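Chain order of the listed sequences is A and B. In terms of my numbering, the first sequence has 895 at position 43, counting the first letter as 1, and numbering is strictly consecutive. In terms of my numbering, the second sequence has 53 at position 21, counting the first letter as 1, and numbering is strictly consecutive. Notes for the one structure printed next.
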Amino acid sequence: DAMVIQNPRYQVTQFGKPVTLSCSQTLNHNVMYWYQQKSSQAPKLLFHYYDKDFNNEADTPDNFQSRRPNTSFCFLDIRSPGLGDAAMYLCATSSQRAYNEQFFGPGTRLTVL
Amino acid sequence: GEDVEQSLFLSVREGDSSVINCTYTDSSSTYLYWYKQEPGAGLQLLTYIFSNMDMKQDQRLTVLLNKKDKHLSLRIADTQTGDSAIYFCAESMNDYKLSFGAGTTVTVRA
Chain A
853 DAMVIQNPRY QVTQFGKPVT LSCSQTLNHN VMYWYQQKSS QAPKLLFHYY
903 DKDFNNEADT PDNFQSRRPN TSFCFLDIRS PGLGDAAMYL CATSSQRAYN
953 EQFFGPGTRL TVL
Chain B
33 GEDVEQSLFL SVREGDSSVI NCTYTDSSST YLYWYKQEPG AGLQLLTYIF
83 SNMDMKQDQR LTVLLNKKDK HLSLRIADTQ TGDSAIYFCA ESMNDYKLSF
133 GAGTTVTVRA
């Protein structure tokens, strides 16, 4: 089945220790997104890739970076995680022709100790 | 303030209809969406409506849009225990960005 896969599902890191979250997709979609969802809050878009073009949201902290080495994979790098970065991180994809239909992965829950 | 607002909780008896309400502020929204999130899972797109429509029906789901009042609702007929989840309302304009509400937790009781 075509899908969006996120690894790991649960990630624990220490304050200030860099961490990388992974997303892969078998849908061959050209747009990939990263959202941050804190407890009982709305998902918040951090950035998205349109093919190789990176689009950062204005209020996304510099601490968050992303890489997309190919169509299938996208990574979220948190350079120096703080306690406030503990959240669920959701990856989503959409095709150019149906950009309004976003398909989400199951998320990675990040804990910062 | 929030661009998209929803009530936080809804409790409904199995077999009854559920109605989840949402208000949004941006009159230039092009699409309005309902997503479902089950525990430990990602968001699942349930349905969406284009802003020039008033209603959309898909099996047990009915979406109503009142563009004048900027009010969106989702009605689930014959609510089942499997419908227990968090439901998110979202809006977008002619771009890739979705703006979500904080979600309504629906609990279905026997």
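For each residue, glycine too, the CB sits at the ideal point set by N, CA and C. Bear in mind the structure is a predicted one, so any value in this text is a computation, not a measurement.
Taking Cβ to Cβ, would you say residue i is nearer than 8 angstroms to residue j?
{"i": "L64(B)", "j": "T137(B)", "result": "no"}
{"i": "L104(B)", "j": "Y56(B)", "result": "yes"}
{"i": "R141(B)", "j": "R45(B)", "result": "yes"}
{"i": "Q889(A)", "j": "L898(A)", "result": "no"}
{"i": "L93(B)", "j": "D86(B)", "result": "no"}
{"i": "L942(A)", "j": "G74(B)", "result": "yes"}
Thinking just about the alpha-carbon of each residue, which of the options is nearest to the one in residue i?
{"i": "F927(A)", "options": "T963(A), K904(A), G868(A), E953(A)", "result": "K904(A)"}
{"i": "S61(B)", "options": "G957(A), N952(A), F956(A), P958(A)", "result": "N952(A)"}
{"i": "T923(A)", "options": "L942(A), Y885(A), N880(A), D911(A)", "result": "N880(A)"}
{"i": "D58(B)", "options": "D110(B), D101(B), T113(B), A109(B)", "result": "D101(B)"}
{"i": "W886(A)", "options": "A944(A), Q954(A), F955(A)", "result": "A944(A)"}
{"i": "M125(B)", "options": "S83(B), T113(B), V51(B), Q91(B)", "result": "S83(B)"}
{"i": "P870(A)", "options": "Q877(A), M855(A), Y862(A), Q917(A)", "result": "Q917(A)"}
Once you ignore the five residues that flank residue i on each side, which residues in its own chain have a CB closer than 7 angstroms to its CB?
{"i": "A938(A)", "result": "L962, T963, V964"}
{"i": "N915(A)", "result": "I930, R931, S932"}
{"i": "N859(A)", "result": "S874"}
{"i": "A117(B)", "result": "K68, Q69, E70, V138"}
{"i": "Y902(A)", "result": "N882, V883"}
{"i": "F867(A)", "result": "P933, G934, L935, V964, L965"}
{"i": "V36(B)", "result": "C54, Y56, C121, A122, E123, S131, F132, G133"}
{"i": "H900(A)", "result": "V883, M884, Y885, N907"}
{"i": "K99(B)", "result": "S83"}
Taking all protein chains shown into account, do 16 or more other C-beta atoms lie within 10 angstroms of the C-beta of residue i, making it buried, or fewer, making it exposed?
{"i": "E909(A)", "result": "exposed"}
{"i": "G957(A)", "result": "buried"}
{"i": "D115(B)", "result": "buried"}
{"i": "D959(A)", "result": "In the sequence on display, residue 959(A) carries Gly and not Asp. G959(A) should be labelled buried."}
{"i": "G47(B)", "result": "exposed"}
{"i": "A109(B)", "result": "exposed"}
{"i": "V864(A)", "result": "exposed"}
{"i": "F955(A)", "result": "buried"}
Near residue i, what residues of its chain come up, given a Cβ to Cβ distance below 6 angstroms and the 5 sequence neighbours on each side ignored?
{"i": "G135(B)", "result": "I118, F120"}
{"i": "R919(A)", "result": "F927"}
{"i": "T872(A)", "result": "F927, D929"}
{"i": "K88(B)", "result": "I81, V95"}
Any heavy atom of the ligand NAD closer than 7 angstroms to the beta-carbon of residue i?
{"i": "N98(B)", "result": "With respect to the ligand NAD, the structure offers nothing, as it holds no ligand at all."}
For this session: Tell me, please, whether the region 879-894 of chain A touches the region 125-134 of chain B by the rule of three or more beta-carbon pairs shorter than 8 angstroms.
Result: yes
Exercise. Does the region 941-949 of chain A come within contact of the region 76-85 of chain B, defined as at least 3 CB pairs closer than 8 angstroms?
Worked result: no
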